[in-house]
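First the structure, in the form of structure tokens, and then the observations on it.
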Amino acid sequence: MNITVEKQQNCTANVRVQVPEATRKAARDAIVGAYARDAALPGFRKGKVPRPVVEKRFHDEIERELIDRLANDALGVAVKQENLRVLSVGGDRPENETTFTLNVVLAPEVALPEYKGLTIRVPSFAVTDAKVDEVLKRQQESLATITEADRAVQDGDFLKIDYTAKAGDQPLTELLPESEHFLAANTGYLVKAVESSFLPGFSAQLVGMKKGETKDVTVTMPAENVNEAVAGKEVVYTVTVQEVKEAILPELNDAFAEQVIAGQTLEGLKGLIRQHLEREAVQRDVEQKRIAAMVALREKIEFELPEAVVNNATRERAQQLVRMNMERGVPQDMIVENEEEIIKAAADQARVDVKDEFILLEIVARENLQATQEEMVRRVTAIATSSRTTPQKVVKTLQKNNGFDNLRHSIVLAKALDVLVAHAVVEVDENMEPVPTGAPQD
2 MNITVEKQQN CTANVRVQVP EATRKAARDA IVGAYARDAA LPGFRKGKVP
52 RPVVEKRFHD EIERELIDRL ANDALGVAVK QENLRVLSVG GDRPENETTF
102 TLNVVLAPEV ALPEYKGLTI RVPSFAVTDA KVDEVLKRQQ ESLATITEAD
152 RAVQDGDFLK IDYTAKAGDQ PLTELLPESE HFLAANTGYL VKAVESSFLP
202 GFSAQLVGMK KGETKDVTVT MPAENVNEAV AGKEVVYTVT VQEVKEAILP
252 ELNDAFAEQV IAGQTLEGLK GLIRQHLERE AVQRDVEQKR IAAMVALREK
302 IEFELPEAVV NNATRERAQQ LVRMNMERGV PQDMIVENEE EIIKAAADQA
352 RVDVKDEFIL LEIVARENLQ ATQEEMVRRV TAIATSSRTT PQKVVKTLQK
402 NNGFDNLRHS IVLAKALDVL VAHAVVEVDE NMEPVPTGAP QD
């Protein structure tokens, strides 16, 4: 075969192929022979159908298989001859048996800089007494007794309220679709008098009110994640307090600890909390080091990305963002309204993810990293535990979906990240906030 490779932009190439007549004829004869051996046609014994009959009866199938075989053979020669790393073959099947062009997507050429010895900065995850006390506080709150309070509203109280809202002189019920009327008016709405409740700045203005009182509360609507009809606008809520209730926390003692975990003392409970926080701290520390190391290396490398791969990753990421928003209860019409922003966010993250993956794959090759059988078993067991199923069922699912390759892939990528972390120079910053998992790391 005469094969030429013309590399194009965006990690693509045109593989031009000229097939000698002798090669084409040999391939076609082999295919026809296979059909003749296996064909079972009326009036003929299996394997005894004359070749002319076979060629006429299966003409279209033979031609398709011939072109596919010649194209695959040509691609194999091109890969070996030009040392290509082909990710996919695009376009339609070639129509010509002797001269055709294959459009292929190639893995990018990644020129790795020195990736050992990166300087990275991470937050501290030291487990302090204050963090143990925070967990105890949450456990106290979960066991609190809620009782009616015959006094003015204080921070942390639980309230039942009625409200209506206006932007200027226009009720929000006229500005928002019916699916979002919970922002416009409500009766018997339960709210806690803390800053994070309902809308920013709303609950703080309820402090000092008493049961039966009505008051106008002014808030500025968020600029994002709300309907554009009210985004960033000043809204006045007319609020009436129906009930004021307070949480009576149980005393921190051995009886409290017994309520949380049978047979535990308060000191024992604190010890268990500390152990849990320390295990969690180790996981978060590893996660933050991986993120920091990846960011540090990514900033040192620039290379062209295969747009076909980026586009696929963008679609997957956009679908994931839509699912997440729907699970959070974001109305469908709001998701449609913000379609452009969702796609842009998905594209930005997809480009980062694709770049990171190709960088890590280069490290995998350099370090000759592989997924061991023991690591595969551990990962299957972990999936089974998190899915509340058995390892046997997980194995069956992976076999059906060809998932073992993806599992190996994820394991070796994680090992590549661990190579970066193991050789990094780590600086711990006590004032640094952790990077949210899944957020773009630029």
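Residue numbers (the numbering used here): 2 to 443. The beta-carbon is built from N, C-alpha and C at its ideal position, and this holds for glycine as well. Because the structure is a prediction, the values reported are computed rather than measured.
The C-beta distance from residue 68 to residue 36 rounds to 15 Å, too long to meet the 8 Å contact threshold.
Below 8 Å, enough C-beta pairs join the region 177 to 190 and the region 329 to 336 to call them touching: three or more.
Here residue 166 is bridged, per DSSP, to 238. When C-beta atoms of the region 272 to 285 are compared with those of the region 165 to 177, fewer than three pairs fall below 8 Å, so the two segments do not count as touching. Rounded to the nearest whole angstrom, the CA to CA distance from residue 241 to residue 422 is 56 Å. Where residue 88 is concerned, the enclosing beta strand (DSSP E) starts and stops at 87 to 91. With respect to the 7 Å criterion, residue 203 and residue 231 are not classified as neighbours on the basis of their beta carbons.
The shortest CA-to-CA distance from residue 349 to any of 311, 49 and 156 is the one to 311. Distance from the CA of residue 165 to the CA of residue 188, rounded to the nearest whole angstrom, comes to 9 Å.
Nearest in C-alpha terms to residue 162, of all of 239, 114, 338 and 118, is 239. Taking the CA atoms as reference points, residue 14 sits about 11 Å from residue 79. Within the DSSP secondary-structure output, residue 246 pairs in a beta bridge with 149 and 159.
Contact holds between the region 243 to 263 and the region 142 to 157, because three or more Cβ pairs, one in each stretch, are under 8 Å apart. Fully contained in the region 310 to 384 are the following alpha helix (DSSP H) runs of length 4 or more, in chain order: 333 to 338 and 340 to 368. A distance of 7 Å or more separates the beta carbons of residue 125 and residue 338.
In this model, residue 429 and residue 127 are separated by some 10 Å (Cα to Cα).
Burial of residue 356 is indicated by the presence of at least 16 other C-beta atoms within 10 angstroms of its C-beta. The residue among 395, 389, 235 and 194 with its C-alpha nearest the C-alpha of residue 378 is 395.
By the neighbour-count definition (other C-beta atoms within 10 Å, threshold 16), residue 46 is an exposed residue. The DSSP-derived three-state label of residue 226 is coil. Cβ-Cβ separation between residue 168 and residue 236: approximately 5 Å, consistent with a contact (criterion under 8 Å). For residue 141 against residue 253, the beta-carbon gap comes to about 7 Å, under 8 Å, which counts as contact. In this structure, residue 255 sits near residue 267, with a CB-CB distance shorter than 7 Å. Taking 7 Å as the cut-off, the beta carbon of residue 106 is found closer than this to the beta carbon of residue 307.
Judged by their CB atoms, residue 365 and residue 417 are nearer to each other than the 7 Å cut-off.
Burial is judged here by how many other beta carbons sit within 10 angstroms of a residue's own beta carbon; residue 327 has fewer than 16 and is exposed. Residue pairing from DSSP places residue 190 in a beta bridge opposite 162. For residue 73, the three-state secondary structure derived from DSSP is helix. With respect to the C-alpha of residue 300, the residue from 51, 360 and 21 having the closest C-alpha is 360.
Cβ neighbours of residue 42 within its own chain (closer than 6 Å, five residues either side excluded): 50.
Counting other Cβ atoms within 10 Å of its Cβ, residue 138 stays below 16 and is therefore classed as exposed. Inclusion of residue 19 and residue 102 in the CB contact set at 7 Å is not warranted, their separation being larger than that value. Secondary structure within the region 387 to 432: the beta strand (DSSP E) runs of 3 or more consecutive residues, fully enclosed, are 426 to 430 (chain order). Taking residue 132 as the centre and dropping the five residues before and after it, the same chain places the C-beta of 278 closer than 7 Å to its C-beta, in chain order. Of the candidates 324, 263 and 411, 411 places its Cα closest to the Cα of residue 358.
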